[in-house]
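As numbered in the working numbering, residues 17 to 195 make up the sequence shown, in order.
Input: a single structure, listed below in structure tokens.
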Amino acid sequence: MRHAADIDFSAPVAVYGTMKQDQAGCLSDHFQNNLTITSMNHPITGYRLFRTIPAPGDNPFGISLADENKEKSPLTSELIVCRQCYHIITRPEEKIQVNGSHQHTFANPSGLIFEIGCFQNAEGCGYTGQATKEYSWFNGYAWRIAVCGKCLTQLGWLFSTSMGITRFNGLILENLIIP
């Protein structure tokens, strides 16, 4: 059995730095015993496995990624906020349908699967990178990465036509708290 003392917690810091050493060791043991993982210290493997840790309240390992004791403001009860920092991202009335559905599931070229929701506006997002049509999930649309305007967590993508006239946000649903 592997113990927390055997894990290099410096790689990747973003993954292991959010949990107590005994909790990370427990998860490492679980993944290695059940998924035949040879090294939990590899940054990509560690990220891919730990990025899907359940949200507070839905957490079988007792890991806390956010401050569970933080009181939520009544003002945010009808807003869609970043799961990481509670920054207001958008509102439920901004939900739209694209290609006949609000919700879509896609895989990127690396094989990572994303469940996204489409929103007309997401004022709480910032955008980074040049727009590209390469590997776009929506025909005729270029995309840019959308991040939380406060904590910079990737929340999804901004999709826009070549002239930028039509645009919408495809936001990763597991990275949001939706009322």
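Heads up, the beta-carbon is just placed ideally off N, CA and C, and yes, glycines get one too.
Fair warning: this is a prediction, and the values are worked out from it, not measured in the lab.
Following the continuous beta strand (DSSP E) through residue i, name the residue where it begins and the one where it ends.
i, result
"Gly-142", "141-148"
"Glu-131", "129-135"
"Phe-154", "It is not in any beta strand (DSSP E) - Phe-154 carries neither H nor E in the DSSP assignment."
"Leu-187", "183-188"
"Asp-169", "A small fix is needed here, since residue 169 is Thr in this sequence, not Asp. Run containing Thr-169: none; DSSP gives neither H nor E here."
Among all the DSSP beta bridges, which residues are the ones paired with residue i?
i, result
"His-120", "Ile-132"
"Arg-160", "Leu-174"
"Ile-105", "Beta-bridge pairing links Ile-105 to no other residue."
Using DSSP with H/G/I as helix, E/B as strand and the rest coil, what is residue i?
i, result
"Leu-95", "coil"
"Asn-191", "helix"
Check the C-beta distance from residue i over to residue j and give it rounded, since I have them as a contact under 8 Å.
i, j, result
"Ile-161", "Cys-134", "That pair is no contact at about 16 Å."
"Ile-96", "Ile-193", "7 Å"
"Thr-144", "Tyr-157", "The pair is not a contact, with the Cβ atoms about 17 Å apart (cut-off 8 Å)."
"Val-14", "Cys-141", "Given that the chain is displayed from residue 17 to residue 195, the structure contains no residue 14 and the question cannot be resolved."
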